[in-house]
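Structure first, commentary second.
Dropping the structure here:
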């Protein structure tokens with residue numbers, strides 16, 4: 001995603017902002033609610049990460065979105081670390097590299 005943005009003359013950086021704070025079970029075979037529960041509280045913003053986010057836009061990238069649980073957890077971790085918001089923080093978006101057709105039906109509701 002960063003390479004595509006750079007080729008389009010959109011400056012961007014890949015920053016080590018999120019880190020895993022606890023182990024999670026393999027997601028294979030889990031339903032949407034089970035995936036959310038499995039990942040709940042699993043990510044946190046790394047020390048100094050909130051400072052790296054100041055004044056910019058955040059794009060969370062998921063290489064394979066099935067239910068969106070990883071993106072939900074990443075967004076939760078960002079909100080938890082920044083409270084009501086980061087000064088100058090513009091927005092959080094998501095980019096998905098691949099998603100099976102069923103994931104669109106799961107996330108429609």
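In full-length UniProt numbering, the protein residues as written are 1 to 109. Don't be surprised by glycine CBs; every beta carbon is placed ideally from N, CA and C.
Under 8 Å between C-beta atoms of residue 16 and residue 46:
Residue 46 sits close to residue 16, with the two beta carbons spaced by under 8 Å.
Proximity below 8 Å, CB of residue 39 to CB of residue 59:
It is not a contact, given that the beta carbons lie outside the stated cut-off.
CA-CA distance, residue 95 and residue 67?
14 Å
Are residue 57 and residue 93 touching if we call contact CB-CB under 8 Å?
yes
Can residue 8 and residue 64 be called in contact, C-beta distance under 8 Å?
no
Between residue 44 and residue 1, how many whole angstroms is the CB-CB distance? I'm expecting something under 8 Å.
Rounded, the Cβ-Cβ distance is 22 Å, inconsistent with contact.
Can the beta-carbon of residue 21 be found less than 8 Å from the beta-carbon of residue 50?
no
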